[in-house]
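First up is the structure itself, then whatever we jot down about it.
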Amino acid sequence: MKYFVKLLLAILVLCLVTQLGYAQCNLGLITIEQCDMENVDFDTDGSPDGIINLYQKSGVTPQAGDEWESTGMESASFALDNISGEVRLWKLRNASDQYFFTLKNNSCVSGERVVVQLFLGPYAGIPATTGFFPVCDTNDDCSVGIEIDLDLFDTLESRQGEALPHLNGVWEYTGSLPASEYILDGSSFGATIAKNNGFPIDSKDFTFRYTVGGVGTCATEVVNVKITIVRPVSAGYASEYNICESDISTWDQVIDLRDDQYLNQEDDGGEWDQDGQQITSPTDSQINVKEVYDAFLASPQNTPGYGCVAFLYTYRVGSRSPVCLSSEATVVFRIFEELKPFQQKSPPEEVCPASDTREQMDLFDLLEFTPNYIYTNYSAWTLESRPVGATDLNLQLNTDGALSTEEHLGKIDLNDAIPGRYEFRYTVTPDKDCSAYGIQTLYGGSVCSPSLNDSNPCSSLSTLVILDVLDFNYAGEDTSGVHLCETFNNGEVSLRSLLRDNGSSIATGVWTDTSNGGVVVNDIFTLPSGMITPQNFSFTHTTTHPSGCSDSAILEFSVYKEPDAGEDATGVVCSDNRKVTLFSLLEGTPDPTGIWTGPFGYVSTDHLGVFDINDYTLPILGEGDYIYTVSGNLGCNTPDESVVSISIVEPVVIGNDRSETFCKIDGSVNLYSLLDRDTPRTGVFEDTDNTGALSQDGIVNFETLTNNIYNYRYVLENALPCDQSSLNVAVQIVDLPMPVVPTQEFCILDAAKLEDIEVDVLNYNWYETQESEMPIVDNPILLDNQKYYIATVDTDNCESERLEVWIKILNTGERFTNGELCTLDFQDGVSPNGDNQNDTFDLLIEGVYNIPEAFPEYDLKIYNRYGSLVYEGNNNTDEFRGESNVSVRLGDDLPSGIYFYIFTPNFENNLPIQGSFYLSR
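Sequential numbering of the sequence shown, starting at 343, is according to our numbering.
Next up, the structure:
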């Protein structure tokens, strides 16, 4: 009885615990409202922090396993601590009733305990200053009109540790100025202040109201700000002039730098300086450029060959407001030094075509320059004339436009010269800018200054250099690589007969033995005999012409002994063990310098004649006569030969090793079908790699094989003395992996095609169905809820299993899985000025959107700021380029200004899109 009572009590306790564990589940939706987030002080330390606790606000008691999630249309996950339930309201930048938080717990059957909806009231912020917010007009592109310069949120307090204003409010201009004098686009504000000579400071005041709408019972919030825009001073736009020294006389006159051709659009009240030194004269803007240059030439800082000099006149206008900077512009006069004369020292220069002391020369050494003006840079040589049949003497010409440190030398090669007159021209071209002379050319001034390129206006200068190459007696060409036999011409040879020539007759000269101390020798030379190793000789042949020019040629040759190929021999081998060295079978004392030739086109690579059937780098020994030939040691005319006769006992012919590749999807292969036609089918196959996939009848099943090469040996027994015959059959199995392609998401604006799907393999085929035999060869447009099949493929057309890939096409306004929005943002400006940038209201931007492809039935209407329709287009009309195509103003060029558009996709659930852009002419 006691046991029964204890059991009953235990059951009651278990039921009670279970009931308590589920008591806080499925509490439904609880709404909380926070109207003054900027004053929330969660830690009660006296300083607001904007933190609330969802447990406290909802009255829900925490339980083990709880976890909060942000589930609303406006995600707040970045502001939520999912364990403590704390929400940092100051991170939520919109006032909204779309913040939802779900408390999850796996102990609940539904997985949810409660859903909390947060009504976050508006906060419009406070102005950054109590009076006005001064801003300098930074319009620096030389244009006239409005430029967006300021984000109005910058006029509101945004200090760290305090609440920031909500972003889903509306900015309104509350002043009295007409709309043509400013731009307000969302929070972006811009205006340009007209010039009135700067006295008083050019400025305008603008007032704005920022309104954030109420949420729930939380009232709308409004804040007012004031901005003062100040126009900066302008020193104007300066010009630059490049002047050649020879033209300096044309500048011998007084000029006023304030004239528009030198400086224009400048403010009054500035000061001038020359090269950094302030000018205080009453005529501070009047100069004479020639007088300035003459003063420079007379100054100690001038040295001959300076290249160029720059005179800088800077006009500076000081700032008239603490929020704007000063301005300066620099008028530049660059004067380039003209080239000074140069010529050949004493033409013509006479030289021999080649000698031991002067095989090359520098034409630059023949020039004479004006003292202190020696030109080595920016120069080039050209060949003006030469004797008939002559070369250009390898003159180093400047053919690629690059400057070489030795290019001015004009190096020539006299070895290739034939007698006659050569005329060369040396030309110096002034460098194009001051930077080559070490002069700074980066001057101050506005980017709108009408400046010149730094091009040198001075002319080039050149002179003619004449070179006469004298006559000489031809001594022949250097000759090497001559090989003679010890018995050549009965042991005697004319050295002159061994020299090569260029078609000219070799003159009689003097021979010296350079390999024997340079002693003089006769033209007839006696060859050595009885040699064991070759002997090398070197002689020099020298001629001298009455003109004084000499010529020489070097002769090098080697003498070799008579060849010896040894005596004939025989040998017998079995064809399955064809291992022999033919040289070891020869009788006598053969030279180790010959080669072997034999049946089946055999030629050895050395004198040994090695055969080894186990070495696959060597040829296979065949039956027949193998001839050993010693080719005469290079210099001897008659080779010597000996013969080794080989007999071979042949085993059964079995053919060659085979190698085949199969796709795993082929299933199996009969190895006998891979053998050569002449191979007997009386042998058996052996499973060399122990694959276990080979049957007794020679069939290999691919089911258990992976991506690899498997070897099988085919064996036939032979009669003695030969061992068994065999060959190898290699079977390569190609087992391709199935590609990995997740479900594809595309925005309808992409007009995506099949080729836009990213695949993790290089080679693959697409199919319409799992059973399709033919792959898709075109590139179709992708449609929503469509599926294709993909398989990996290799060069042998092996395929993997096919993967099913689903396509999802998002309409505008829908989000991708990663949270990105499928949206359409048109350009905010059209400028039909022919520069190929924003010339039209583009409906096709590569890589961004393709309207005609995505929405073929679209409709586009454009209205002016008065609400009048000026353009209506569809897929059959030209893009808007600033012209009206409606009946009232058909073909008219529309004026600059703001225009509004309504784009209607006319496709599925895609909603119309409204916006504005600025037309600029």
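All C-beta atoms, glycine included, are put in the ideal place defined by N, C-alpha and C.
Judged by beta-carbon spacing, L1016 lies beyond the 8 Å limit of F1027, meaning their Cβ atoms are not closer than that value. Distances from the alpha-carbon of T850 to those of T875, A817, V862 put A817 closest. With fewer than three CB-CB distances shorter than 8 Å, the segment 638 to 648 does not count as touching the segment 543 to 553. Nearest to K1095 by C-alpha distance, out of N1105, Q1074, L445, D1126, is D1126.
Secondary structure note for Q459: its beta strand (DSSP E) is the uninterrupted segment 454 to 462. Counting along the chain, L837 sits inside the alpha helix (DSSP H) bounded by residues 837 to 840. When DSSP states are grouped into helix, strand and coil, V512 belongs to the strand group.
Residue range 1086 to 1089 is occupied by the beta strand (DSSP E) that includes F1088. Taken in chain order, the complete alpha helix (DSSP H) segments of 4 residues or longer contained in the segment 368 to 416 are 396 to 400. Non-local C-beta neighbours of Y1130 in its own chain, meaning closer than 6 Å and more than five positions away in sequence, comprise W1108, V1147, ordered along the chain. Check the Cα spacing between D602 and each of A577, P690, G823, G370: the tightest is with A577. Residue pairing by DSSP places G1215 opposite L1202 in a beta bridge.
Note on geometry: alpha-carbon atoms of T534 and E523 lie some 8 Å from one another.
Rounded to the nearest angstrom, the gap between the Cα atoms of V1190 and F420 is 29 Å. In this structure, the alpha-carbon of V567 lies about 10 Å from that of W513.
The closest CA to that of L1253, considering only S946, P469, I1090, L1078, is found on I1090.
For N1049, the three-state secondary structure derived from DSSP is coil. CA-to-CA, the gap between R676 and D594 works out to about 15 Å. Straight through space, the alpha carbons of T497 and F1242 are spaced by roughly 28 Å. A direct Cα-Cα distance of roughly 49 Å separates A637 from G1176. Fully contained in the segment 582 to 656 are the following alpha helix (DSSP H) runs of length 4 or more, in chain order: 631 to 640. The beta carbon of Y604 sits closer than 8 Å to the beta carbons of A580, S581, I597, D598, V673 from its chain, once the five residues preceding and following it are set aside; these are given in chain order. Burial check for V863: the Cβ neighbour count within 10 Å stays below 16, so the residue is exposed.
Fewer than three Cβ pairs drawn from the segment 965 to 983 and the segment 1042 to 1055 lie within less than 8 Å of each other, which leaves the two stretches out of contact.
DSSP places A466 outside any alpha helix (DSSP H), giving it a letter other than H or E. For A722, the uninterrupted beta strand (DSSP E) run begins and ends at 721 to 727, by DSSP. Selection G370, R435, G660 evaluated against G612 yields G660 as nearest (Cα-Cα). Judged by DSSP in its simplified three-state form, H750 adopts helix. Setting aside the 5 residues that flank it on each side, L462 is surrounded in the same chain by Q376, M379, L431, L434, A437, S438, Y441, V557, each with a C-beta closer than 7 Å to its C-beta; the list follows chain order. For the pair of segments examined, the segment 995 to 1015 was found not to touch the segment 852 to 859: the number of CB pairs separated by less than 8 Å stays below three.
For N1251, the CB contacts under 6 Å within the same chain, skipping 5 residues up- and downstream, are N1153 in chain order. Here V972 is buried. Its C-beta has 16 or more other C-beta atoms within 10 Å.
According to the DSSP secondary-structure assignment, W1108 is paired through a beta bridge with I1132. Cβ neighbours of V1057 within its own chain (closer than 7 Å, five residues either side excluded): G1025, V1026, E1028, Q1066, S1068.
Beta-bridge partners assigned by DSSP to D967: S987. Here K687 is exposed. Its C-beta has fewer than 16 other C-beta atoms within 10 Å.
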